[in-house]
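Residue numbers (the numbering used here): 183 to 729.
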Ligand code: J2J
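Below, the structure is given as structure tokens:
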């Protein structure tokens, strides 16, 4: 396994192989094998663009050869930041084929996040859209090339952005279209090695990289696809960003493609546009965060679009209110599946045969019979059956360690390899998981995970801020928003001023505080740490009083 990653202990690896979970297959070959069977069927759709499996496989092979021609080698890391376009899929599978490792970045990430990703991954290349939603990614990429010695290539989706870019060192900027060469015989990547990196939702100031192997991810998507009964008639609408684990492989984009089904990419999650796409393409399933599901349900009550092809909507990523869950099926005319998941691994899902009561009230059961789940109290002991505690897990597709993070790993994993999720959960008598809250210092803003320490660090860098603590504040739509408690240094800053400063710092916009309380001091726990429980309760009371 790539240096800096933690392999599964031998005994468990043998068990997962013996059980047939890990089959020694790599994701690129799996796609080629599907293409060989499904040749002329449609693999990818975006608006009027359609690619058959044969075309997709050929583009992947040519792009892989093109990357090799441009000096990208097996083992290299490549930060990939693209919206939901076919090229995202092509680039990722091309990198899988040649054994280079995509590092998935959200399109909303800015200098702060990308600088860190390039630094920690030692990326040699960065794939960008050009200008997207008013932001000049090419400009940022060129700045980062100057900062990071390892970073020597920037591949740009929009050819015009290459021509229009301010003076770049020769050979650095390359239009993605030009990454194209006669397919080469390339050595197959090792299935037990890292295929790509996902980002952690982050309990630390800077996001950690999650290595996902070919073996573990192929298993995740195969098991999830089997659970949903996917076959070549599946049509998946990728509404959320494709680089989100939920969209990419739960079973999502990869699971649908490897089942011979069609992936329809949505370039915006707007309900009415998505409904037209559902009707036009005969979409059979999709995955949404609760806030989007809410918007869809509201829009569907007015819409005349034909949603009759839709059989299943998966909802996950954040807490789903039972009132919303109850409306999904009747209004959208399909089944609901609750999904609890994490880029680190463990997925729990309700099953198609579950009673309505179970589907509405729980987050279902682990995907794999070999997922091990424990619910523990603060001292690390198992709580009595039915009790609430921290969810710990290990299994055939849950990481054994973040990339190059030995100190953090020592805290995030137990000695026997269980990952401490930081989520509070309980198990029902039927074995279903119910998520009750969390102990990690993260705000879940409508499914977007924001590390409180990261925002605090940026607030503290502002001259008008002496102390800062970031906590979730309740929000009827997003579930939670980002609340900042600030002890000022001199005249108190306004929320707008802080937001502008953090934006200028290069922090992604979804991490900017939504709400500000100026206080004289921050409450402390007996151990002298900021008492976030008190602040969270205080924020909820203030919001409630203001309503
Ligand atoms: C409450 N909290 C949830 C749920 C995730 C499928 C689905 C989601 C993700 C994801 C994913 C939740 N109810 N149903 O990767 O493959 C919160 C928990 C969890 C964190 C992980 C997938 N579903 N959460 O959301 O890595 O706090 O993955 O630990 O972005 O989201 O976030 P992330």
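All residues carry an ideal CB built from backbone N, CA and C; glycine is no exception.
Just so it is clear, the structure is predicted and the values come from calculations on it, not from any experiment.
Listed in chain order, the non-local C-beta contacts of residue 619 below 7 Å within the same chain comprise 606, local neighbours out to five positions each way being set aside. Under the DSSP assignment, residue 398 falls in the alpha helix (DSSP H) whose first and last residues are 396-410. For residue 529, the shortest C-beta to heavy atom distance toward ligand 1 is below 7 Å. The alpha carbon of residue 343 has as its nearest neighbour, out of 359, 403 and 320, the alpha carbon of 320.
Residue 187 and residue 393 have their C-alpha atoms roughly 7 Å apart.
By the criterion of a C-beta distance shorter than 7 Å, residue 700 is surrounded in its chain by 668, 670 and 674, once the five residues flanking it on both sides are discounted.
Counting C-beta atoms within 10 angstroms of its own C-beta, residue 595 has 16 or more neighbours from the protein chains shown and is therefore classed as buried.
Assignment of alpha helix (DSSP H) within the segment 519-588, counting only whole runs of 4 or more residues, yields 538-543 in chain order. By DSSP's assignment, residue 283 forms a beta bridge with 259.
Residue 299 sits close to residue 285, with the two beta carbons spaced by under 8 Å. Its chain contains 495, 497, 502, 506 and 510 as the residues whose beta carbon lies nearer than 8 Å to that of residue 475, once the 5 sequence neighbours on both sides are disregarded; these appear in chain order. Residue 415 sits in coil when the DSSP states are folded into three classes, being neither helix nor strand. Annotation: residue 352 to residue 311 spans about 20 Å, alpha carbon to alpha carbon.
For residue 476, no beta strand (DSSP E) segment is defined; the enclosing uninterrupted segment is the alpha helix (DSSP H) at 472-482.
Nearest C-alpha to residue 262 among 645, 255 and 271: 271. The closest heavy atom of ligand 1 lies 7 Å or more from the beta carbon of residue 294.
Distances taken from the Cβ of residue 501 to the heavy atoms of ligand 1 include one shorter than 7 Å. The C-alpha of residue 717 is placed about 15 Å away from the C-alpha of residue 710.
Cβ contact annotation for residue 245 (same chain, cutoff 6 Å, sequence separation greater than five): 272, 276 and 361, in chain order.
Annotated as distal: residue 266 and residue 433, with beta-carbon spacing of 8 Å or more.
Ligand 1 never approaches residue 693 closely enough for any of its heavy atoms to be under 7 Å from the residue's Cβ. The closest heavy atom of ligand 1 lies 7 Å or more from the beta carbon of residue 571. When C-alpha distances from residue 545 are compared across 528, 521 and 537, the shortest belongs to 521. Residue 384 and residue 624 do touch by the CB rule: their CB atoms are close to 6 Å apart, below 8 Å. Ligand 1 never approaches residue 714 closely enough for any of its heavy atoms to be under 7 Å from the residue's Cβ. Taking a contact to require three or more Cβ pairs closer than 8 Å, the segment 538-554 and the segment 578-586 qualify as touching. Secondary structure at residue 650: strand, using DSSP grouped into helix, strand and coil.
In the structure shown, residue 695 falls within a coil segment according to DSSP collapsed to helix, strand and coil. Checking the 7 Å criterion, the Cβ of residue 603 is within range of a heavy atom belonging to ligand 1.
Counted as a single uninterrupted DSSP element, the beta strand (DSSP E) harbouring residue 633 occupies residues 630-633.
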